[in-house]
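Accompanying notes for the structure given below.
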Amino acid sequence: MSDQVANALPPRILLGVNVDHIATLRQARGTRFPDPVQAALVSEEAGADGITMHLREDRRHIQDRDIELAMQMLNTRLNLEMAVVEEMITLAERLKPANVCLVPEKREELTTEGGLDVVGGAERIREACQRLTAAGCEVSLFIDPEPDQIQAAFDAGAPVIELHTGTWIEASRHEADVELARIAAAAEMAHALGMTVNAGHGLHYHNVEDIAAMPWFHELNIGHAIISRAALTGLGEAVREMKRLMVQARAFSTFERQD
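In terms of our numbering, the sequence shown is residues -8 to 250.
Now the structure itself:
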């Protein structure tokens, strides 16, 4: 690695926290809590460098209100994940989030499956990049770590790509090293083209170091693992607080006890 290239590498690696699963909990009961915007603010306070929200066409978790409120309250920046459809492009043009990540989207999927086919949808994606850039958004394309997709993303005018790490994570033990090497080669290629390189999908506490150690990555976007860990590490405190409120209420009750 030349000194010139090394000096151009990101000086530190950033963490973008995806709070979609907080919204999933809220929508499951149709309540106003837990609030993903509150989760975003907590994440910021804990050191997150940015917040990711995926506004799906079916609004299964994040709602329009969440995006608008987050943009008013965040001290870092919002990374809006969205499909390459007119509804979402128009919304982003109106709201002007700092970052927009274009992703593939199928209504029947549980979560995003695979990267965006930039090669197959080059004209449509190039137009979306132009419109969003004109609106002041930094555009990222969520793609598989394949040379032709990276080149197509570059040709489309996207300054940023986010490499899909899911295939590596789901690979068998004897295939994992090959997939990890493919990610490294893709990141190096994109960096050589002058693009900012991010990564995400399926990263968790037992595999993140393999990706974070690669010098080409600017930011990792992680959601499910962090929210899952939070549900367990915070569960004891949540139970203790609920029990404390119950015991305190009984101890200071003004109701007359009927024996």
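Cβ coordinates follow ideal geometry from the N, Cα and C atoms, glycine included.
Shown here for residue 161: same chain residues with a beta carbon closer than 8 angstroms to its own, the five before and five after excluded, namely 193 in chain order. In the structure shown, residue 133 adopts extended strand secondary structure according to DSSP, grouped into three states. Rounded to the nearest whole angstrom, the C-alpha separation of residue 87 and residue 247 is 59 angstroms. Taking the Cβ atoms as the reference, residue 168 lies roughly 18 angstroms from residue 155, outside the contact range of under 8 angstroms. Assignment of residue 76 by DSSP, reduced to helix, strand and coil, places it in the coil class. Residue 151 places its beta carbon less than 8 angstroms from that of residue 189. Residue 147 has its alpha-carbon roughly 57 angstroms from the corresponding atom of residue 235. As DSSP reads the structure, residue 190 sits in a beta bridge with 154 and 211. Residues 130, 147, 148 and 149 of the same chain have their beta carbon placed closer than 6 angstroms to that of residue 120, with the five preceding and five following residues left out of the count. Exclusion of the five residues before and after residue 217 leaves 8 as the residues of its chain whose Cβ lies within less than 7 angstroms of its Cβ.
A direct Cα-to-Cα measurement between residue 61 and residue 28 gives close to 6 angstroms. Residue range 11 to 20 is occupied by the alpha helix (DSSP H) that includes residue 13. Rounded to the nearest angstrom, the Cβ distance from residue 43 to residue 72 is 6 angstroms, consistent with a contact under 8 angstroms. Residue pairing by DSSP puts residue 44 in a beta bridge opposite 71. Here DSSP, grouped into helix, strand and coil, assigns residue 227 to helix. With a 10 Å radius around the Cβ and a threshold of 16 neighbouring Cβ atoms, residue 106 comes out buried. Apart from sequence neighbours up to five positions away, the residues of its chain that approach residue 96 with a beta-carbon distance below 6 angstroms are 74, ordered along the chain. Only buried fits residue 140, as 16 or more other CB atoms lie within 10 angstroms of its CB. Counting the other Cβ atoms within 10 Å of the Cβ of residue 214 gives 16 or more, which makes it buried. Leaving aside the five residues that flank residue 207 on each side, the residues in its chain whose CB is nearer than 6 angstroms to its CB run, in chain order, 178, 179, 182 and 188. Residue burial annotation: residue 157 is buried, with at least 16 other C-beta atoms found within 10 angstroms of its C-beta. A Cβ-Cβ separation of about 19 angstroms leaves residue 170 out of contact with residue 212 under the 8 angstroms criterion.
For residue 92, the enclosing beta strand (DSSP E) covers residues 90 to 93.
Ranked by Cα distance from residue 54, the options 221, -1, 18 and 69 are led by 18. Of the candidates 223, 226, 219 and 242, the residue whose Cα lies closest to the Cα of residue 12 is 219.
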